[in-house]
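In what follows, a single structure is set out as structure tokens and then discussed.
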Amino acid sequence: MGFNSIYFYDSLRSGIQYLPNTFQLTFIPIVIALILGTVIAVIRVYRIPFLAPLLVVLITLYQGIPLVVALMIYHLLFIAEFNDFAAALHLDTSMADINLIWIGIFALSLQATCYMEESIKGAFFSVDKGQYEAGYSVGLTKLQTLRRIIIPQVIPVALPMLTNNIVGAIKGSSIVMVIGITEVLAGSVIPSSKTYAFFEGYIAAALIYWIFTILVEKIAARIEKRGDKYRRNLV
Amino acid sequence: MIEIRNAKKSFGKNEILHDVSIQVNKGDVIVILGPSGSGKTTLLRCINFLEKADAGTLTIGEQTVDLKKASSKEILEIRRKTAFVFQNYSLFHNKTALENVMEGLITARNVPYEEARKKAEDTLAWVGLLAKKDAYPSQLSGGQQQRVGIARAVVLDPEVILFDEPTSALDPELVGETLAVIKSVAERGITMIVVTHEMSFAQDVASKVVFMDGGFIVEAGTPAEIFRHPKEERTKQFLARIISAENMYYI
Chain D
1 MGFNSIYFYD SLRSGIQYLP NTFQLTFIPI VIALILGTVI AVIRVYRIPF
51 LAPLLVVLIT LYQGIPLVVA LMIYHLLFIA EFNDFAAALH LDTSMADINL
101 IWIGIFALSL QATCYMEESI KGAFFSVDKG QYEAGYSVGL TKLQTLRRII
151 IPQVIPVALP MLTNNIVGAI KGSSIVMVIG ITEVLAGSVI PSSKTYAFFE
201 GYIAAALIYW IFTILVEKIA ARIEKRGDKY RRNLV
Chain B
236 MIEIRNAKKS FGKNEILHDV SIQVNKGDVI VILGPSGSGK TTLLRCINFL
286 EKADAGTLTI GEQTVDLKKA SSKEILEIRR KTAFVFQNYS LFHNKTALEN
336 VMEGLITARN VPYEEARKKA EDTLAWVGLL AKKDAYPSQL SGGQQQRVGI
386 ARAVVLDPEV ILFDEPTSAL DPELVGETLA VIKSVAERGI TMIVVTHEMS
436 FAQDVASKVV FMDGGFIVEA GTPAEIFRHP KEERTKQFLA RIISAENMYY
486 I
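Sequences listed follow chains D and B, in order.
Residue numbers are given in the working numbering: position 124 of the first sequence equals residue 124, and the series is strictly consecutive.
Residue numbers are given in the working numbering: position 122 of the second sequence equals residue 357, and the series is strictly consecutive.
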């Protein structure tokens, strides 16, 4: 198989143009997952009645569905129902006004929330029960103990897992091309559809993802080092 | 004055406290003795609501609360009148020694920062650890951590400090320095309830010794009464075993 560097550069340029889409498809879900995941993890750690078991069931069910399947279902529901839905709410929008990327972001957010919740819950369980009791014993409320004692200890434990989740989210975001969203992968093979240089297209996409993930890992490593000051001397 | 009335607690079918009542006067040092599983620690934890009792009432000063049905507001009020020293120190790992001592003042009692820092430094100096004020718990020895733990309790100026086997997790070498600090807490006239296995500490410092076994208070009295003239057979057995073990330690 030959390698045409001109086609490769074309693909690279085209792929890079769609980096902002991949960026959105990665970081919006990560931020949403971070917030929702933390809330759900806290609900589960504190075993809040009714909510905690309900969320366990929902998460277990949701994790049993492949992301592609979920994506297809949301896409289909969107096509079939959106106009009726907008009419019912008296919204002045139609399907054509909505960028499909939001369906991708929605599906990826739910997926990321499930993963993130597991990581954060694990980090919570790494904090000794005595830390909660010590907080209560000096008269802190539950919320104060959580904010001032527990969460600062959860973060350094959760950070490496968070990095993993972000890297996973970057690579996982390419799956949205199945419903026709153009991001780095789909963008890289746009020129290939004319030239049939798909090999160059995929290599270009791989290179862009690779640089993106390496950058994220480098930044994360720096942050992890800084958040570690009180753990440095732990044996 | 502190009074616990008819405290009961079971874990599942296992009844840990059967109807325990204790009265503590201001400035008293109550030492609770007893074999493992006798309910000493559970009693202490129930006073601070780290464990919720199944029945009973607690009176601290003017305030009386139900040990089972206390609202979270009442629990917070009781906790702000008490302080706890843990067996495994439980210092806040993410805070320095000084920040550990300041935390309760700043966050729970809304003391201004500078005043809290001053008070915390004085208290750390008093336990002999001012030089270590910027050290994290992971950089301190067990004995030092426990002294910070005691400073964290004392600085709050509580009505009572509850000590849960404060020296049990320490190296024998470090027990002395920690007991010395606890003794000076007692000399300040702070009311204390101490669960311990240190018999000589109990004899020296306690104003009242309570002997517990199987979830009951078997016997209570002055150290002289309990150690020299125990009335109950169970107390005699326990003391005989402990004291012969202590003598062996010295041989």
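For every residue, glycine included, the Cβ atom is placed at its ideal position computed from N, Cα and C.
Worksheet item: From I16 (chain D) to G122 (chain D), what distance separates their C-alpha atoms?
Response: Within the first sequence, the letter at position 16 stands for residue 16 (chain D). Within the first sequence, the letter at position 122 stands for residue 122 (chain D). Cα to Cα, the separation comes out at about 36 Å.
Worksheet item: By DSSP, does G456 (chain B) sit in helix, in strand, or in coil?
Response: As a working note, residue 456 (chain B) is residue 221 in the second sequence. Strand.
Fill in: L278 (chain B) Cβ short of 7 Å to the ligand GTP heavy atom set
No copy of the ligand GTP occurs in the structure displayed, which carries no ligand at all.
Worksheet item: Does G201 (chain D) come within less than 8 Å of chain B when only Cβ atoms are used?
Response: Here residue 201 (chain D) refers to the residue found at position 201 of the first sequence. No, G201 (chain D) does not count as interfacial toward chain B.
Worksheet item: Looking at the structure shown, is H75 (chain D) part of a helix, part of a strand, or coil, going by DSSP?
Response: By 1-based counting over the first sequence, the position of residue 75 (chain D) is 75. It is helical.
Worksheet item: Hey, out of B:L285, B:R463, B:Q379, B:L268, whose CA is closest to Y136 (chain D)'s CA?
Response: As a first step, residue 136 (chain D) is located in the first sequence; it is residue number 136 there, counting from the start. It is B:L285 whose Cα lies nearest to the Cα of Y136 (chain D).
Item to complete: Would you identify the three-state DSSP class for V430 (chain B), choosing helix, strand or coil?
Response: The sequence position of residue 430 (chain B) within the second sequence is 195, counting from 1. DSSP places V430 (chain B) in strand when its eight states are reduced to three.
Fill in: Interface residues of chain D facing G339 (chain B) [CB-CB closer than 8 Å]
Reading the second sequence from its first residue, position 104 is the one you call residue 339 (chain B). Here the neighbours are V138, G139, L140.
Fill in: Same chain only: Cβ atoms within 6 Å of A386 (chain B), ignoring 5 sequence neighbours per side
Here residue 386 (chain B) refers to the residue found at position 151 of the second sequence. Excluding positions up to five away in sequence, the list reads V336, T358, L359, V362.
Worksheet item: Under 8 Å between C-beta atoms, does R382 (chain B) make it to chain D?
Response: Stepping through the second sequence from its first residue, residue 382 (chain B) is reached at position 147. No, R382 (chain B) does not count as interfacial toward chain D.
Worksheet item: Does N345 (chain B) have its Cβ less than 8 Å from a Cβ in chain D?
Response: In the second sequence, the residue the question calls residue 345 (chain B) occupies position 110. Answer no: the Cβ-Cβ gap between N345 (chain B) and chain D never drops below 8 Å.
Discussion item. Suppose you measure from the CA of I396 (chain B) to the CA of I265 (chain B); what does that come to, to the nearest Å?
Written reply: Along the second sequence, one-based indexing puts residue 396 (chain B) at 161. Along the second sequence, one-based indexing puts residue 265 (chain B) at 30. So the alpha carbons of these two residues sit roughly 11 Å apart.
Worksheet item: Going along the chain, which residues of the region 254-287 of chain B sit with their C-beta nearer than 7 Å to a C-beta in chain D?
Response: N283, L285
Worksheet item: Using a Cβ-Cβ distance under 8 Å, would E133 (chain D) count as near chain B?
Response: Here residue 133 (chain D) corresponds to residue number 133 of the first sequence, with the count starting at 1. It does; some Cβ of chain B falls within 8 Å.
Discussion item. Give me the subset of the region 104-135 of chain D whose CB atoms are less than 7 Å from a CB atom of chain B, sorted by chain position.
Written reply: G130, Q131, E133, A134
Worksheet item: In three-state DSSP terms, what is S419 (chain B)?
Response: As a position in the second sequence, residue 419 (chain B) is number 184, starting the count at 1. S419 (chain B) falls in the helix class under three-state DSSP.
Item to complete: Determine the closest residue to A441 (chain B) out of B:G247, B:D263, B:H328, with distance taken between C-alpha atoms.
Response: The residue labelled residue 441 (chain B) in the question sits at position 206 within the second sequence. The candidate whose alpha carbon is nearest that of A441 (chain B) is B:D263.
Worksheet entry | Own chain, CB closer than 7 Å to Y62 (chain D), minus 5 neighbours either side, in chain order | Within the first sequence, residue 62 (chain D) is the residue found at index 62, counting from 1. Closer than 7 Å at the Cβ level, and outside the excluded window around Y62 (chain D), lie L110, C114.
Item to complete: State the DSSP-derived secondary structure class of M447 (chain B), mapped to helix, strand or coil.
Response: By 1-based counting over the second sequence, the position of residue 447 (chain B) is 212. Looking at M447 (chain B) - three-state DSSP - the assignment turns out to be strand.
Practice prompt. Put T182 (chain D) into one of helix, strand or coil per three-state DSSP.
Written response: For the purposes of this step, residue 182 (chain D) is taken as the residue at position 182 of the first sequence. Coil.
Item to complete: For N164 (chain D), name the three-state secondary structure that DSSP assigns.
Response: In the first sequence, the residue the question calls residue 164 (chain D) occupies position 164. In this structure, N164 (chain D) counts as helix in the three-state DSSP scheme.
Worksheet item: Taking the beta strand (DSSP E) that I190 (chain D) falls in, what are its first and last residues?
Response: On the first sequence, residue 190 (chain D) is found 190 positions in, with the first residue counted as 1. I190 (chain D) -> no beta strand (DSSP E), and no H or E assigned at all.
Discussion item. So S403 (chain B) contacts chain D; which residues on that side make the cut at Cβ distance below 9 Å?
Written reply: Translated into positions along the second sequence, residue 403 (chain B) becomes position 168. Those within 9 Å of S403 (chain B) in chain D number zero; the least Cβ separation is about 14 Å.
Item to complete: Establish whether the CB of R226 (chain D) and some CB of chain B are separated by less than 8 Å.
Response: Here residue 226 (chain D) refers to the residue found at position 226 of the first sequence. Not an interface residue.
Worksheet entry | Which of helix, strand or coil DSSP assigns to N241 (chain B) | As a working mapping, residue 241 (chain B) is identified with position 6 in the second sequence. N241 (chain B): strand per DSSP, three-state reduction.
Worksheet entry | For Q258 (chain B), three-class secondary structure by DSSP | Counting from 1 along the second sequence, the entry for residue 258 (chain B) is found at position 23. In the structure shown, Q258 (chain B) sits in a strand (DSSP, three-state: E or B).
Discussion item. Output needed for R463 (chain B): all residues of its chain with C-beta closer than 6 Å, excluding positions within five of it in sequence on either side, in chain order.
Written reply: Within the second sequence, residue 463 (chain B) is the residue found at index 228, counting from 1. There are no such residues.
Worksheet entry | Partners in chain D for R423 (chain B), counting only beta-carbon separations shorter than 9 Å | As a first step, residue 423 (chain B) is located in the second sequence; it is residue number 188 there, counting from the start. Correct list: empty, because the minimum Cβ distance to chain D is about 19 Å.
Item to complete: Use the C-beta contact count for I214 (chain D): other C-beta atoms within 10 angstroms, 16 or more gives buried, fewer gives exposed.
Response: Looking up residue 214 (chain D) in the first sequence gives position 214. I214 (chain D) comes out exposed.
Discussion item. I'd like to know if F321 (chain B) contacts chain D, where contact means its C-beta is closer than 8 Å to some C-beta of that chain.
Written reply: Locating residue 321 (chain B) in the second sequence gives position 86, where the first residue counts as 1. F321 (chain B) counts as touching chain D.
Worksheet item: DSSP state of L89 (chain D), grouped into three classes?
Response: By 1-based counting over the first sequence, the position of residue 89 (chain D) is 89. Correct three-state label for L89 (chain D): coil.
Practice prompt. Identify the continuous beta strand (DSSP E) that holds L293 (chain B) and give its terminal residues.
Written response: Within the second sequence, numbered from 1, the residue matching residue 293 (chain B) stands at position 58. Looking at the DSSP string, the run of the beta strand (DSSP E) that includes L293 (chain B) is 290-295.
Worksheet entry | Partners in chain B for P152 (chain D), counting only beta-carbon separations shorter than 7 Å | As a first step, residue 152 (chain D) is located in the first sequence; it is residue number 152 there, counting from the start. Residues of chain B passing the Cβ test: N329.
Worksheet item: Using 8 Å as the limit for Cβ to Cβ distance, is R47 (chain D) near chain B?
Response: Start at 1 with the first residue of the first sequence, and residue 47 (chain D) comes out as number 47. By this cut-off, R47 (chain D) is not an interface position.
Worksheet item: Comparing alpha-carbon positions, which option in B:V255, B:K275, B:N329 lies nearest Y371 (chain B)?
Response: Locating residue 371 (chain B) in the second sequence gives position 136, where the first residue counts as 1. With distances taken between Cα atoms, Y371 (chain B) lies closest to B:N329.
Worksheet item: Looking at the C-beta of I43 (chain D), does it have a partner C-beta in chain B at a distance below 8 Å?
Response: The residue labelled residue 43 (chain D) in the question sits at position 43 within the first sequence. Output row for I43 (chain D): interface = no.
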